[in-house]
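Colleague:
4 protein chains.
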Amino acid sequence: MLSSDSKMLSARAELLDCYLSVRNDTDDICRPLAIEDHAVQPNAEVSPPKWHLGHTTWFFEELILVRFMPDYQRWNEQYRLLFNSYYKSAGQHWIQSERGNLSRPRVDEVLAYRAYVDHHMTLLLQSDIDEPEMEEVLEIGMHHEQQHQELLYMDIKFILGVNPMQVTYDDSFLPEAKGLFVKGVMSELPKTALNEANWETFEEGIYQLGYGGEHFAYDNESPRHNTYLYPFSIAKHTVSNGEYLAFINDEGYNTARYWLSMGWDWLVESHIKHPLYWQQEDGQWYEFTLHGRHVLDLNAPVTHISYFEADAFASWKGCRLPTEQEFEVYLQQNPSEQGLVTELHHPNNTSEDVGQVWCWTRSQYTAYPGFKPYKGMLEEYNGKFMCNQFVLKGGCIATPVGHYRHSYRNFYQPHQRWMFSGIRLSKDI
Amino acid sequence: MLSSDSKMLSARAELLDCYLSVRNDTDDICRPLAIEDHAVQPNAEVSPPKWHLGHTTWFFEELILVRFMPDYQRWNEQYRLLFNSYYKSAGQHWIQSERGNLSRPRVDEVLAYRAYVDHHMTLLLQSDIDEPEMEEVLEIGMHHEQQHQELLYMDIKFILGVNPMQVTYDDSFLPEAKGLFVKGVMSELPKTALNEANWETFEEGIYQLGYGGEHFAYDNESPRHNTYLYPFSIAKHTVSNGEYLAFINDEGYNTARYWLSMGWDWLVESHIKHPLYWQQEDGQWYEFTLHGRHVLDLNAPVTHISYFEADAFASWKGCRLPTEQEFEVYLQQNPSEQGLVTELHHPNNTSEDVGQVWCWTRSQYTAYPGFKPYKGMLEEYNGKFMCNQFVLKGGCIATPVGHYRHSYRNFYQPHQRWMFSGIRLSKDI
Amino acid sequence: MLSSDSKMLSARAELLDCYLSVRNDTDDICRPLAIEDHAVQPNAEVSPPKWHLGHTTWFFEELILVRFMPDYQRWNEQYRLLFNSYYKSAGQHWIQSERGNLSRPRVDEVLAYRAYVDHHMTLLLQSDIDEPEMEEVLEIGMHHEQQHQELLYMDIKFILGVNPMQVTYDDSFLPEAKGLFVKGVMSELPKTALNEANWETFEEGIYQLGYGGEHFAYDNESPRHNTYLYPFSIAKHTVSNGEYLAFINDEGYNTARYWLSMGWDWLVESHIKHPLYWQQEDGQWYEFTLHGRHVLDLNAPVTHISYFEADAFASWKGCRLPTEQEFEVYLQQNPSEQGLVTELHHPNNTSEDVGQVWCWTRSQYTAYPGFKPYKGMLEEYNGKFMCNQFVLKGGCIATPVGHYRHSYRNFYQPHQRWMFSGIRLSKDI
Amino acid sequence: MLSSDSKMLSARAELLDCYLSVRNDTDDICRPLAIEDHAVQPNAEVSPPKWHLGHTTWFFEELILVRFMPDYQRWNEQYRLLFNSYYKSAGQHWIQSERGNLSRPRVDEVLAYRAYVDHHMTLLLQSDIDEPEMEEVLEIGMHHEQQHQELLYMDIKFILGVNPMQVTYDDSFLPEAKGLFVKGVMSELPKTALNEANWETFEEGIYQLGYGGEHFAYDNESPRHNTYLYPFSIAKHTVSNGEYLAFINDEGYNTARYWLSMGWDWLVESHIKHPLYWQQEDGQWYEFTLHGRHVLDLNAPVTHISYFEADAFASWKGCRLPTEQEFEVYLQQNPSEQGLVTELHHPNNTSEDVGQVWCWTRSQYTAYPGFKPYKGMLEEYNGKFMCNQFVLKGGCIATPVGHYRHSYRNFYQPHQRWMFSGIRLSKDI
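Chains as they are written, first to last, in UniProt numbering: chain V, 1 to 429; chain C, 1 to 429; chain X, 1 to 429; chain D, 1 to 429.
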């Protein structure tokens, strides 16, 4: 029979494995990149990949090693400034839009920094230092790094996509399961139309939302709480490229009345005519993907669209976007879907498409009743962004497995579209 | 016994009276202005008063006379362009931020346009033309004009306030009841502190919200619907200048952690250090009002603050802003408050301050479940602004009497503060 | 025989007459305007006419009355801030681009200010106070006010021109001689073509430039100095609308190689396709003038064009713009032209067109060798603008008579075009 | 006796040597850089070093190989777009400010492109293909590449300088002669003061300017021509850091009257308080150099200042900047100086400092009388920038030897200061 000490040791060993595995996943994502790909920032909201590599490391250094490991020496004092994203309580931070101005530290220096921090994290987790808060922050840190893994896919796609050189991210590094990128898989999706049979309906009543489990969830997913919903339907499939193309062909981008006022201003000012990675050449539509440019797959989910576009499409269709509450109920109450979520990395097993693209909801991101932010520096993690952002639900093909949760609340500004964002329609009954 | 015809005639006569009275109120607000005051636009969101005079008139011309009066001739075809605010379905409109570039039409020409339209509206209402939609739009038009009456007070205050000449809006034209402006009245407010006795608490449960009456309400106030609330308290009084000053003196504007991320960026970029009309001179605080500049009244409600400032103040105080649902419940369930609202134009009768300032809620402006926008051109009235705006509740001293309603949903962007906006705190129990 | 005292008195009386006459001319220019026309600023570089009325008055108050008249009291201390244009040594000044934000002082208040200052200037000039510097500054002040008279025409034209209401400046107030505005006169201009007979040639050698006379000239026109010129020709007529239209029709605005690099960027960014006041409707070209919109007169000089456009036109034509030295020599050495300049306000007497439009030169505005700026506050009058401006020569139809001088150096930034600017071609021999 | 053929062959061999030597110098400059340093663009006017490597290569490919070598195949068709700087006649070009958005082509790919073009250039020059224009363009191309060598030093300094990591460009790669960077050498400069003995005077008269020799010069240096100058003095030494610091300490950056109007606006808006690479820490001034940060050397020439700063310093000193004509005369007529220029890369041999820093002149960049631009695509080389730029004369320590010429006309916009720019004072006599 194991003593409680050895149980703890075994739990710690598992934690360390988990930590090293998450860290390794990040390195894997960057491995196919050229050094030059790590350094550029073609847009203020896109970060250079080497910044992600450094920032996720800074998180563990600043929140764990500095606080819990006696005599820990920072790798480089300048990194406090350079790899702090926006935590005012952690001192000054480099301006986000100027991350791409910095050629140094070099990629190899950042990787050395990662190794140094990983080494010390290993020592710490193998030691008998045991602070409850340490494990709590470690768990957040691992989820934080996973969020940046998805951001890396987004940013890499943008960096390669703006380049007219037609660069392809190395296929061999794309997990096979990440079907979104695999043109072959997508084209096997059943041809669907938006008819009655494809709507799922929910009754009026009180529903429970928010995270109620015993595993990890962010502060903004709590507390679990009641909400009152009215009868609604939600589409069983996300909107496809083909359906979206019909909107374009019906003058959707030239018809003001489908659009929010701010959306129309955005569209006119930015000369928006189609989703982010679409290109038209000689009448044929193409889409840039991490596998290179392909003829647009009309059966694949439309992706990389802004809230403005999602909302305008829904207006054109005579529907609306779901609220985040409706979407969460949909995720919860549909057992086959729930199974699907678990199996998400084997999308070939199912004809449904939950988890392929983040779906915009019409809910602006705000605090749940009774919301309590993290304490300390992490107070800045979620709450201070509750303004002018919309919630997206469901996860996408670039989302790490551990990040799929019914209660997960992703959020972006309504004009942003470099994430893997799509549409699931809803309507009142 | 009256025939139904004569009943209608009498109802129509009443409607005409009402119409003419609303129209006259608008003229009254502008009467103390110099001609020059009518023409300038010191800020993109502030409109020249003569534009308000024209736009409210265009509304009746375009939505009623053109549609329902046979052979009606527009006063001037150019006014369709110049006085359309943003209705895409009504053709082109002049760019909002360039309204102040137009010296013509002159004020006297706009007044002649008003007289022409009023004359034809009178003829129409005295005729036997009877379309149900006509009366519906007329009612909206009158409420629309009342909204612009409040905007006129806001814009006039801004126009006079940016001017270093220390201009005073003519006192005799300020209705006596508009106590906010009357320094004497304000200083008689009881000195209040934020203690337990001053909180009103509400229990968990299902509440009904939205307009359910038989009179006028905008489309965005419907339908009446259930919402599930958790126990909360709401302060019985709005935050005073004195309380807000304590926030300033405690380095509130220099402490990032009280602020939303966007709020902090706004504050830094715009060099914001205090509410809009406050000025400090030799250590003494002053406030610009429509009666000129006065020593800051510490007992008056703080006003002209942004959502960012309201939210930061609440954080500093360890409280939060109420949701719009909580605020509406507060307005509904407090009978003395309800009476107060009715009596609002006699604020001396009460020690409370509902209706003095619009109070920011933490709710971003979105559609009620089952929301149905107006049909036709008026579809653009409310729905297309449901993005990046926060709801304010309760009304202010510049709000026309007919506009106080528990269900009324005012909305502004989080950085805006030229409206009469203030703070009422809330907290979870 | 007059005593020297009475001579002085008579000279002073003349000076006062001259002063009052200049002041009255300014009032005359504004007389046809509506009050509203005085207040707006549709562009950062255009000033509200009431600002011109105030600023020219401030000049006399601040530089003469305050300094030379004992016990003079300023009309309003705030006007020091509001009507200072840019003189840093005269204290703070209101931001130029925000002049149109100020509804106050009202037009009648500004006129009262003018009357007050004129009254005190009269008293001063009738007194026995006699300071040499006073008369010197007075002379500059009168020329300064005449510069603003031309600016008033420019700004009024712009204010009326941006307005879609098709406003016409009152014809009766346009001096008959101002032929540019008189469509009839212009169309009688001889049809000209750009052939040898229409070039005037000059030989290589040393020429004298700059003001050498005994009357008034600005500091930047001195000293008179030698310059070495190479043989050149200069066109006897300015480029006509018809010739310029040929440039447009030959894809001039779509062909990068005719344009300066900055010019092309300006054109693309500002969507420039033709001169400022030109409009095309159903294939017909129109031009907005102070007399309203007219069919484009192909024989009238092209006007309201930028340096970029002038330079591109010259490139297209295989010619170049003259240097300011060449242009001044042309003005000097052509006796018939010289006569013309004197008679400029009777343009019907001649077939030539000097003085109709300011002509762009390829010379960037810089100091003459040995240039000495004014002393004191007026040091800021000219020298500090010697950067990124091009010189224009010759005067325009809106230029007051006293402002035509061979040595006069007008200057504007290369993208500006709301002044009456045109083209006279030149070439090397 | 050599046949004319073998003479040509020998001349061609020399040309090839020269070509390869220039190309190799460029590679040498980039050799100490990390790959990441090649890719970033911290400012719109700074280009990523790998872009310079590609652009200079594109020049030879597009202007020589494509035109003169039969069957030449471009290395990559996309490079036509990416490495064209601004030549509209060479097709589309990538936007300058977005060069840093491109991670591809990689540095190794650009180097392969260089090798490919060098290989074909070698073949071409070893062939019997002989077109007079080919050699002419080749010569321009080599000088063009040398201009980019100086730009590389400027851009590398900026890229390393904005980085808080305190990066040092590898010393061993800085040619020893490049004294500016060598703190030791600079501090041996004699202490100088601005007294009579240090001025050199020139008499009134006609001087000859412009290139008149038989070697290479750009189109904008011709033709040789007369100019009339008035007596002037020019300082024998450039302004030192110590002298400039006195200007700062005398409130130079806070006193509007020293500054051009645009200069003051620039200073206020950009919060400029000192030269570009100066930093103050605990009262001590430091300067960032390619050798890292050093205590400011008070005897070294002030460098990296804008025209605005140079002009303001001269005003404060009661002097002025020289015209470009005066500066060229100074360079011509001072035999010891002339020698110095030849010996420039041995600055230890002399106590003078011509060629250390480019000196601002008060002359705005314009065409010489009789200027004829290059033909064809190279027409865009110089002439289209003759607007809003000021001429700098004399060369700097980063200028390749072959680029020092009395007639050389460098030019920058008045706010730019990332080049090695300094001040030499002048005055009228």
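By construction, the Cβ of each residue, glycine as well, lies at the ideal position given by its N, Cα and C atoms. Note that the structure is predicted; figures quoted are calculated from it, not measured.
Between which two residues does the alpha helix (DSSP H) carrying X/C81 extend?
Modeller: Within the third sequence, numbered from 1, the residue matching residue 81 of chain X stands at position 81. One point to set straight first is that residue 81 of chain X is Leu, not Cys, in the sequence displayed. Where X/L81 is concerned, the enclosing alpha helix (DSSP H) stretches over 78-82.
Colleague: Counting only Cβ pairs nearer than 8 Å, list the residues of chain C close to V/D219.
Modeller: Taking the first residue of the first sequence as position 1, residue 219 of chain V is located at position 219. In chain order: nothing, as chain C lies at least about 15 Å away.
Colleague: Below 8 Å between beta carbons: does that hold for D/A39 and V/A39?
Modeller: Position 39 of the fourth sequence, counted from the first residue, corresponds to residue 39 of chain D. Position 39 of the first sequence, counted from the first residue, corresponds to residue 39 of chain V. Yes, these two residues count as a Cβ contact at 8 Å.
Colleague: Any idea which residues DSSP pairs D/K412 with across the strands?
Modeller: As a first step, residue 412 of chain D is located in the fourth sequence; it is residue number 412 there, counting from the start. It is worth fixing the name first, because residue 412 of chain D is Tyr in this sequence and not Lys. BP columns for D/Y412 point to D/F390.
Colleague: Please report the straight-line C-alpha distance between C/R224 and C/G370, rounded to a whole angstrom.
Modeller: Residue numbering aside, residue 224 of chain C sits at position 224 when the second sequence is read from its first letter. Residue numbering aside, residue 370 of chain C sits at position 370 when the second sequence is read from its first letter. The straight-line gap from Cα to Cα measures roughly 9 Å.
Colleague: Given that a residue counts as buried once 16 or more other Cβ atoms are within 10 Å of its Cβ, and exposed if not, what is V/G213?
Modeller: On the first sequence, residue 213 of chain V is found 213 positions in, with the first residue counted as 1. Exposed, because fewer than 16 other Cβ atoms sit within 10 Å of the Cβ of V/G213.
Colleague: Closest by CA to C/L151, which one among C/H55, C/R424, C/Y87?
Modeller: As a working note, residue 151 of chain C is residue 151 in the second sequence. Nearest C-alpha to C/L151: C/H55.
Colleague: Can you list the residues of chain C that V/K88 reaches, using a CB-CB cut of under 8 Å?
Modeller: Position 88 of the first sequence, counted from the first residue, corresponds to residue 88 of chain V. The contacting residues are A256, R257, W264.
Colleague: For D/R31, does the count of other Cβ atoms within 10 angstroms reach 16, so buried, or fall short, so exposed?
Modeller: Locating residue 31 of chain D in the fourth sequence gives position 31, where the first residue counts as 1. By the neighbour-count rule (16 or more Cβ atoms within 10 Å), D/R31 is not buried but exposed.
Colleague: Does any CB atom of chain C fall closer than 8 Å to the CB of V/P132?
Modeller: The count along the first sequence starts at 1 and reaches residue 132 of chain V at position 132. No, its Cβ sits nowhere closer than 8 Å to a Cβ of chain C.
Colleague: Using three-state DSSP, classify C/H215 as helix, strand or coil.
Modeller: Start at 1 with the first residue of the second sequence, and residue 215 of chain C comes out as number 215. Of the three classes helix, strand and coil, the one that applies to C/H215 here is coil, per DSSP.
Colleague: Would you mind telling me which residues of chain D sit closer than 7 Å to V/R106, beta carbon to beta carbon, in chain order?
Modeller: Here residue 106 of chain V refers to the residue found at position 106 when the first sequence is read from its first residue. Near V/R106 (Cβ distances below 7 Å), the residues of chain D are A34, E36.
Colleague: Tell me the start and end of each unbroken alpha helix (DSSP H) in the UniProt domain "DinB-like" (22-151) of chain X that is at least 4 residues and wholly inside, in chain order.
Modeller: 49-60, 78-82, 107-126, all fully within the UniProt domain "DinB-like" (22-151) of chain X.
Colleague: Would you identify the three-state DSSP class for V/A235, choosing helix, strand or coil?
Modeller: The count along the first sequence starts at 1 and reaches residue 235 of chain V at position 235. Of the three classes helix, strand and coil, the one that applies to V/A235 here is strand, per DSSP.
Colleague: May I have the straight-line CA-CA distance separating C/Q364 from C/Q389, to the nearest angstrom?
Modeller: Counted from its first residue, the second sequence places residue 364 of chain C at position 364. Counted from its first residue, the second sequence places residue 389 of chain C at position 389. Going from the Cα of C/Q364 to the Cα of C/Q389 covers about 6 Å.
Colleague: Could you check what DSSP says for V/R12 in three-state terms: helix, strand or coil?
Modeller: Translated into the one-based positions of the first sequence, residue 12 of chain V becomes position 12. It is helical.
Colleague: Should the stretch 140-158 of chain D be regarded as contacting the stretch 263-270 of chain D, the criterion being three or more beta carbon pairs within less than 8 Å?
Modeller: Cβ pair count under 8 Å is below three, so no.
Colleague: Can you tell which of D/V167, D/G242, D/N198 has the C-alpha that lies nearest to the C-alpha of D/L296?
Modeller: As a first step, residue 296 of chain D is located in the fourth sequence; it is residue number 296 there, counting from the start. Among D/V167, D/G242, D/N198, the Cα nearest to that of D/L296 is on D/G242.
Colleague: By how many angstroms is the C-alpha of X/M419 removed from the C-alpha of X/A312?
Modeller: Counted from its first residue, the third sequence places residue 312 of chain X at position 312. Counted from its first residue, the third sequence places residue 419 of chain X at position 419. Their Cα atoms are separated by approximately 18 Å.
Colleague: Quick check: the stretch 16-34 of chain V against the stretch 151-170 of chain V, are at least 3 beta-carbon pairs closer than 8 Å?
Modeller: Yes: at least three Cβ pairs fall under 8 Å.
Colleague: How is the beta strand (DSSP E) around X/L209 delimited, first residue to last?
Modeller: Taking the first residue of the third sequence as position 1, residue 209 of chain X is located at position 209. It spans 205-209 - the beta strand (DSSP E) in which X/L209 sits, taken as one unbroken run.
Colleague: At the level of alpha carbons, what is the spacing between X/W58 and X/I397?
Modeller: Taking the first residue of the third sequence as 1, we reach residue 58 of chain X at position 58. Taking the first residue of the third sequence as 1, we reach residue 397 of chain X at position 397. Cα to Cα, X/W58 sits roughly 27 Å from X/I397.
Colleague: For D/D128, which of D/W51, D/S6, D/Y330, D/G395 has the nearest alpha-carbon?
Modeller: Residue mapping note: residue 128 of chain D aligns to position 128 of the fourth sequence, counting from 1. That would be D/S6, whose Cα lies nearest to the Cα of D/D128.
Colleague: Would you call V/P70 buried or exposed, if buried means 16 or more other Cβ atoms sit within 10 Å of its Cβ?
Modeller: Residue 70 of chain V sits at position 70 when you count from the first residue of the first sequence. Its Cβ having fewer than 16 others within 10 Å, V/P70 is exposed.
Colleague: Taking V/E61 as the reference, give the member of V/S47, V/E380, V/S233, V/M134 with the closest Cα.
Modeller: By 1-based counting over the first sequence, the position of residue 61 of chain V is 61. The residue with the shortest Cα to Cα distance from V/E61 is V/M134.
Colleague: Let's see if you can read the secondary structure: which residues bound the alpha helix (DSSP H) around C/Q356?
Modeller: Stepping through the second sequence from its first residue, residue 356 of chain C is reached at position 356. Careful: C/Q356 lies outside any alpha helix (DSSP H) and carries neither H nor E.
Colleague: Is there contact here, the stretch 313-327 of chain C with the stretch 406-426 of chain C, by at least three beta-carbon pairs under 8 Å?
Modeller: Touching, yes, given that three or more Cβ pairs across the two stretches are closer than 8 Å.
Colleague: To which residues does DSSP link D/Q284 through a beta bridge?
Modeller: What you label residue 284 of chain D is simply residue 284 of the fourth sequence in a count that begins at 1. D/Q284 pairs with D/E281.
Colleague: I want to see whether chain V comes within less than 8 Å of C/R362, judged by CB atoms only; does it?
Modeller: Position 362 of the second sequence, counted from the start, is the residue given in the question as residue 362 of chain C. Closer than 8 Å: yes.
Colleague: Using a cut-off of 7 Å between C-beta atoms, extract the partners of X/M165 located in chain C.
Modeller: Start at 1 with the first residue of the third sequence, and residue 165 of chain X comes out as number 165. Those are Q78, R104, P105, listed as they occur along chain C.
Colleague: Which class does X/E251 belong to by DSSP, given the choice of helix, strand or coil?
Modeller: Within the third sequence, numbered from 1, the residue matching residue 251 of chain X stands at position 251. X/E251 falls in the coil class under three-state DSSP.
Colleague: Counting only Cβ pairs nearer than 7 Å, list the residues of chain D close to V/N101.
Modeller: To locate residue 101 of chain V, count along the first sequence from 1; it is residue 101. The answer, in chain order, is V40, P42, V162.
Colleague: Name, in chain order, the residues that DSSP records as bridge partners for C/T289.
Modeller: Sequence index remark: in the second sequence, residue 289 of chain C carries index 289 (1-based). Looking at the DSSP assignment, C/T289 forms a beta bridge with C/G292.
Colleague: Is the beta carbon of C/W94 less than 8 Å from the beta carbon of C/L111?
Modeller: Taking the first residue of the second sequence as position 1, residue 94 of chain C is located at position 94. Taking the first residue of the second sequence as position 1, residue 111 of chain C is located at position 111. No, the Cβ-Cβ distance between C/W94 and C/L111 is not below 8 Å.
Colleague: Residues of chain V with a CB under 7 Å from the CB of C/F68: which are they?
Modeller: Numbered from 1 along the second sequence, position 68 holds the residue referred to as residue 68 of chain C. Neighbours of C/F68 on chain V: none; closest Cβ ~23 Å, over 7 Å.
Colleague: For X/P373, which residues in chain D fall below 9 Å Cβ to Cβ?
Modeller: Within the third sequence, numbered from 1, the residue matching residue 373 of chain X stands at position 373. Simply none; closest approach about 10 Å.
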